[in-house]
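The numbers in the sequence shown follow this note's numbering, run straight up by one, and end at 651. All remarks here apply to the structure that follows.
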Amino acid sequence: MFKMLNPKRFYHAVGRRKFLEFVLLAAFILFFYGPMVNMLMLAFANEYQAPAILPQQWGLKWWSYVFSQKSLVSSIAQSFIVAIITTGVSMILCIPAAYSIARFKYPGRKMFMLSFLLTNAFPKLGIYTSIAVLFYKYNLMGTYTGVVIIHMINSMMFMVWLPSSAFRAVHRQQEEAARDVGAGPIRTFFKVTLPMAMPGISVATLYTFLGSMEEAQGTMLVGMAKVQTMPVAMYGIVLDSSAVQIGAVFAILLIIPSALMIFAMRKYIGPEAISGGFKMK
């Protein structure tokens, strides 16, 4: 087994093609997982000085520091508050729009659907700057309402396109069968249509929540340091080279809810659910 660790022996044993595939795979793993491994070591290292490969001392020093700072704990709470509000309001406003696109034929329907793409078709900073001019006029700068609106602008495409595809996948015959046995339009929607479309809506909800958790530029510009979420706090941490361990702790705190939600909805997440939302009929 240890003889195979010799590159020449390994090359002759597996052949040129397999050897190149192994090298490419190893390079990909190093490129993709290397920073994550380094982040984990930084987060759980009390002392870590280059050029050492492993930390000189392991511990939870920086985790204790993060949770002892009121401003950092506040940014964690604000991230979840803004993400939950953004997801809830987006569902209330966008799901009816998605249903109308899926079920009704009216002039300008496709243009209406394409309009949700505009916020993701141009550089975000330019859009945020233009919006900030309006927000100054309506006193929305430095408010939760302004930040939530900015987060919703980024999520509306997913919250309309993906549920629209899910509603189109529900056959009208199933709704008609419910109507035939006495169910009204509202009851049919909540008892038949909505449950069957829930996988697509769940995927859209996941993307909306995660997108809100990681939004930084718009929050910085509109929040004006009054609404400071975790990504905004990380900007200041990253600029302070002496606090890279704090940045690693924050990165893990951002990854944990994302990983948990992806794991919980893993059976709904797939290429079909995502690509289906980008088909206009």
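Glycine is no exception: its CB is placed at the ideal position from the N, C-alpha and C atoms.
Contact set for residue i: own chain, Cβ-Cβ below 7 Å, skip 5 residues either direction
i	result
Ser485	none
Thr599	Ser445, Gln448, Ser449, Val452, Thr589
Glu545	Thr558, Val562, Thr563
Pro555	none
Asp550	none
Ala472	Ser534, Phe537, Arg538
Val614	Leu412
Leu495	Gln587
Tyr418	Met411, Leu412, Pro425, Gln426
Neighbourhood of residue i by C-beta distance below 6 Å, restricted to the same chain and skipping five residues each side
i	result
Gly647	Interpretation of Gly647 is limited by its pLDDT of 47, a score under 50 that renders its predicted location unreliable; the figure taken from the coordinates is listed afterwards. The answer, listed in chain order, is Trp531, Leu532, Ser535.
Leu510	Gly516
Met635	Ser572, Leu576
Gly512	Met594, Lys596
Integer-rounded CB distance, given that residue j should sit under 8 Å from residue i
i	j	result
Met522	Thr589	Between Thr589 and Met522 the Cβ distance is about 12 Å, and since that is not below 8 Å, they are no contact.
Pro627	Met583	7 Å
Contact set for residue i: own chain, Cβ-Cβ below 8 Å, skip 5 residues either direction
i	result
Glu654	One cannot answer for residue 654 here, as it falls past the ends of the chain, which runs 371 to 651.
Val443	Val436, Phe437
Tyr514	Ile451, Val452, Ile455, Val597
Ser441	Gln598, Ala603
Met631	Leu576, Phe579, Leu580
Ser434	none
Backbone CA spacing between residue i and residue j [nearest angstrom]
i	j	result
Gln439	Lys596	17 Å
Ala420	Asn408	12 Å
Gln426	Val619	18 Å
Ile454	Val540	28 Å
Pro493	Leu624	24 Å
Ala553	Leu564	14 Å
Ile616	Ala413	7 Å
Trp428	Ile462	46 Å
Pro547	Leu410	Just to set this straight, residue 547 is Ala in the shown sequence, not Pro. Distance between the alpha carbons of Ala547 and Leu410 is about 54 Å.
Gly478	Thr489	19 Å
Val503	Val592	10 Å
Leu487	Arg379	54 Å
Lys475	Phe398	47 Å
Met483	Gly570	17 Å
Met568	Phe633	17 Å
Gly458	Arg542	27 Å
Tyr508	Ala491	26 Å
Phe392	Gly385	11 Å
Lys373	Leu394	Caution is warranted here: a pLDDT of 49 is assigned to Lys373, below 50, making its placement in the model unreliable, and the coordinate value is therefore given only provisionally. Rounded to the nearest angstrom, the two C-alpha atoms are 21 Å apart.
Leu430	Lys480	53 Å
Ile607	Ala467	40 Å
Tyr403	Tyr506	43 Å
Leu400	Ile423	14 Å
Ala396	Ala629	24 Å
Met526	Arg387	46 Å
Met371	Tyr605	Low local confidence applies: a pLDDT of 45 at Met371 is under 50, so the model's placement there is unreliable, and no value is given.
Nearest to residue i (by Cα), restricted to the options the options
i	options	result
Ser572	Arg542, Phe482, Ser460	Ser460
Phe528	Gly554, Gly512, Val393, Thr575	Thr575
Met594	Val517, Tyr476, Trp432, Ile471	Val517
Trp432	Ala422, Ala415, Ser441	Ala415
Phe537	Arg479, Ala629, Lys507, Ile465	Ile465
Tyr469	Gln587, Phe560, Val614	Phe560
Tyr621	Met406, Lys507, Tyr506	Looking at the sequence itself, residue 621 is Ala, so the reference to Tyr does not match. Per the Cα distances, Met406.
Can you confirm whether the segment 574-581 touches the segment 489-499 when touching is taken to mean that 3 or more C-beta pairs between the two stretches lie within less than 8 Å? The segment 489-499, when compared against the segment 574-581, does not touch it at the 8 Å Cβ threshold.
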